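First residue of the sequence shown: 6, per my numbering; consecutive thereafter. For every residue, glycine included, the Cβ atom is placed at its ideal position computed from N, Cα and C. This structure is a prediction, so every number in the text was calculated from the model and none was measured. One structure below.
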Amino acid sequence: MVTNEQVMEKLVELEGLLARQAIHENSKELWDINQVAEYFGYTVRHMREVAADPFFPRPVQVPSQRDLNQPTNQVRYFVGEIVQYAKHRQQRRKMF
6 MVTNEQVMEK LVELEGLLAR QAIHENSKEL WDINQVAEYF GYTVRHMREV AADPFFPRPV
66 QVPSQRDLNQ PTNQVRYFVG EIVQYAKHRQ QRRKMF
């Protein structure tokens, strides 16, 4: 007999697989630094260091919900640009 916990584990696993399938170089979804770090498997602190790379995608300033003339405190990144960066970085590593 399958327990509820086993079903939930499988659902979480499937959710992760579906989320990864939707990610590609043309994705227009926005991620914060936490989501980018999770994608790379890095800590947020290390991800901030990686983001200092001049080839890393530039952040997008999203307007605040309270005042549209002010940006939010947390920057966002286009998912497609993050995927492109990851692929280029992987290719550069293979060259050396």
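Between V65 and L35, the gap from beta carbon to beta carbon is short of 9 angstroms.
Positions of the alpha helix (DSSP H) runs, each at least 4 residues long and wholly inside the segment 39-72, are given as 49-55 in order along the chain. By alpha-carbon distance to P59, the top candidate from L16, V80, Q96, Y90 is Y90. Taking 9 angstroms as the cut-off, the Cβ atoms of E10 and G85 do not count as close. Residue nearest to A56 within the set V41, L16, Q70 is V41 (criterion: CA-CA distance).
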